[in-house]
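Notes for the one structure printed next.
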Amino acid sequence: MDWETRTVDGVLVVRLNGEIDLNTCDVLRSELDRLLKLYNSPHLVLNLGDVTFVDSSGLGVILGRYRQLTEENRRLAIVGLQPQVKRAFELSGLLRVIRVYASEDEAIAGVSKEVTA
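Numbering of the sequence shown is given in the numbering used here, commencing with residue 214 and proceeding in unit increments.
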């Protein structure tokens, strides 16, 4: 798994590539926490368009970041779920909890608007 990061209007956008599973979840957790502190970003958009697989460990990392951000009145959004990854989100119930957007631009606008609304 690897990733690219950028900020847009103060929102941290992380584009992940590869598999999010037991072998990669500790690195992902640490890296997301580090990036959120480094960029001091109020919100996080995870682009999972290039993620080919996610297991329960990976879903746990994403849910953990969601809970952490929500407790701090910050937001997390997801973009680009591939069918097999979307299925894992559906089965876990995360689609009922975390907002999923069609594009990064929509997600950035969505997380920014949610807090100011």
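The beta carbon of each residue, even a glycine, is placed where N, CA and C say it ideally should be.
message = Quick check on Gly293: buried or exposed, where buried means 16 or more other Cβ atoms within 10 Å of its Cβ?
response = Classification for Gly293: buried.
Boundaries (first-last residue) of the beta strand (DSSP E) holding Ala301 = That residue, Ala301, is in no beta strand (DSSP E); its alpha helix (DSSP H) goes Pro296 to Ser305.
inquiry  = Which residue marks the beginning of the beta strand (DSSP E) containing Glu182, and which one marks its end?
reply    = Residue 182 lies beyond the stretch modelled for the chain, which goes from 214 to 330, so this question has no answer here.
query = Between the Cα of Leu248 and the Cα atoms of Glu303, Ser270, Leu225 and Leu308, which residue gives the shortest distance?
reply = Checked all of Glu303, Ser270, Leu225 and Leu308; the closest Cα to Leu248 is Leu225.
ask   = According to the Cβ coordinates, are Leu272 and Ser325 closer than 7 Å?
value = One thing to note: Leu272 has its Cβ no nearer than 7 Å to the Cβ of Ser325.
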